[in-house]
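Residue numbers (the numbering used here): 48 to 270.
Note sheet for the following structure.
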Amino acid sequence: MHNNVKRLQLQLKDVKPTPEFVEKLREMMEEIDNAISAFKEEQRIIYEELMKEEKTTVIELSALEKKIESSFNAVPEKSFKVLSGKAQLDALACSQLPEEVVAFEKFLQQTGGRLGEWDDFDHQSFLKVWTKHKGKPSYLEEALAYLPSRTSEDVEQHEMWYKEFLYLEEKKKEVQVHVDKDPSRLCKLTKGWEERCKNIGPTGSAPLLQIPHRAVPTWRQGL
Numbered sequence: 048m049h050n051n052v053k054r055l056q057l058q059l060k061d062v063k064p065t066p067e068f069v070e071k072l073r074e075m076m077e078e079i080d081n082a083i084s085a086f087k088e089e090q091r092i093i094y095e096e097l098m099k100e101e102k103t104t105v106i107e108l109s110a111l112e113k114k115i116e117s118s119f120n121a122v123p124e125k126s127f128k129v130l131s132g133k134a135q136l137d138a139l140a141c142s143q144l145p146e147e148v149v150a151f152e153k154f155l156q157q158t159g160g161r162l163g164e165w166d167d168f169d170h171q172s173f174l175k176v177w178t179k180h181k182g183k184p185s186y187l188e189e190a191l192a193y194l195p196s197r198t199s200e201d202v203e204q205h206e207m208w209y210k211e212f213l214y215l216e217e218k219k220k221e222v223q224v225h226v227d228k229d230p231s232r233l234c235k236l237t238k239g240w241e242e243r244c245k246n247i248g249p250t251g252s253a254p255l256l257q258i259p260h261r262a263v264p265t266w267r268q269g270l
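Okay, structure coming up:
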């Protein structure tokens with residue numbers, strides 16, 4: 048653009064306004080005008096990219112600040128003694144709970160609880176964006192801005208986990224409806240575990256025939 052202006056200045060020195068010169072001058076003016084327009088468009092694109100980067104940076108900083116703040120305000124959970132993973136699964140299998148309930152609880156034990164091994168802040172940030180986009184792939188770019196410590200692969204894997212979580216949780220809720228109508232369902236052994244449970248009891252030898260009635264309300268409260 049600068050060269051075009053210089054060339055125009057040279058052309059204007061000691062010239063006669065002939066038709067040929069006027070036409071040439073018009074062409075040079077058009078070239079300069081096009082160069083100015085192209086320069087403005089280039090600057091506009093650069094400005095938009097900078098604004099986008101600034102917005103992303105602000106979101107990431109805000110997310111980090113909130114995450115740090117939430118980690119300071121988090122109430123530590125009370126420690127308690129739990130069974131080993133295998134012992135928990137065996138206890139679930141022989142608890143005489145419906146299959147859907149056992150499947151859901153096993154899923155939670157094997158995949159890191161109701162947060163899928165994520166911390167609460169990251170999981171809630173994921174849910175906020177995922178729900179906003181109604182689970183469409185377009186959520187991923189915005190989710191990464193709110194989750195600066197997570198990769199796209201991390202987020203996609205968490206989405207797969209969450210979809211399975213919702214599916215199994217819905218199956219568990221359906222069982223609750225059936226149990227309300229037919230409480231005897233609670234006394235049915237989980238399919239495929241009846242033989243295994245015959246030889247499992249309090250001492251490891253006596254058969255475990257049925258769950259105490261007082262345990263039923265506790266299970267139902269967890270639904």
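Glycine is no exception: its CB is placed at the ideal position from the N, C-alpha and C atoms.
All figures in this text were calculated on a predicted structure; none of them were measured in a lab.
Contact check, residue i vs residue j, beta carbons under 7 Å
i, j, result
"LYS219", "VAL148", "yes"
"ILE106", "ALA192", "yes"
"PHE154", "LEU213", "no"
"SER117", "PHE168", "yes"
"SER172", "LEU187", "no"
"GLY163", "TRP208", "yes"
Euclidean distance between Cα positions of residue i and residue j
i, j, result
"TYR94", "THR104", "15 Å"
"PRO66", "MET76", "15 Å"
"GLY182", "GLU78", "49 Å"
"PHE68", "GLU88", "30 Å"
"PHE127", "ILE92", "Bear in mind that a pLDDT of 37 at PHE127, under 50, signals an unreliable position, so the model cannot answer this."
"ALA85", "SER196", "39 Å"
"GLN204", "GLU96", "29 Å"
"THR198", "ILE83", "41 Å"
"VAL222", "VAL176", "30 Å"
"HIS180", "MET98", "23 Å"
"GLU124", "THR178", "Since pLDDT at GLU124 reaches only 45, below the 50 mark, its modelled position is unreliable, and no value is offered."
"TRP266", "GLN156", "Any reading at TRP266 needs caution, since the residue's pLDDT is 41, under 50, leaving its predicted position unreliable; the model's value is listed next. TRP266 and GLN156: Cα-Cα distance of roughly 16 Å."
"VAL129", "LYS102", "Caution applies to VAL129, whose pLDDT of 43 falls short of 50 and renders its modelled position unreliable; the model cannot decide the point."
"PRO64", "ASP80", "21 Å"
"GLU74", "PRO184", "49 Å"
"ALA262", "LEU111", "Any answer about ALA262 is weak, because its pLDDT of 41 lies below 50 and its placement is not dependable; what the coordinates show is given next. Looking at the two C-alpha atoms, the distance is approximately 43 Å."
"LYS71", "GLN90", "29 Å"
Residue range of the alpha helix (DSSP H) that includes residue i
i, result
"ASP166", "Note, ASP166: premise wrong, no alpha helix (DSSP H); not H, not E."
"THR65", "From DSSP, THR65 is part of no alpha helix (DSSP H); its letter is neither H nor E."
"LYS183", "Unbroken run through LYS183: none, as it is neither H nor E."
"THR158", "146–158"
Member of the options whose CA lies at the smallest distance from the CA of residue i
i, options, result
"ASP201", "HIS170, VAL69 and GLU88", "HIS170"
"VAL224", "ILE83, GLU164, LYS99 and PRO145", "PRO145"
"LYS113", "LYS179, ASP166 and GLU211", "ASP166"
"GLU100", "GLU189, ALA82 and HIS180", "GLU189"
"PHE151", "GLU206, PRO64, ARG73 and GLU217", "GLU217"
"GLU211", "SER199, THR158 and LYS179", "THR158"
"LEU174", "LYS71, ARG73 and GLU206", "GLU206"
Closer than 6 Å: residue i CB and nearest the ligand PLP heavy atom
i, result
"TYR193", "In terms of ligand content, the structure shown is empty, and the ligand PLP therefore cannot be addressed."
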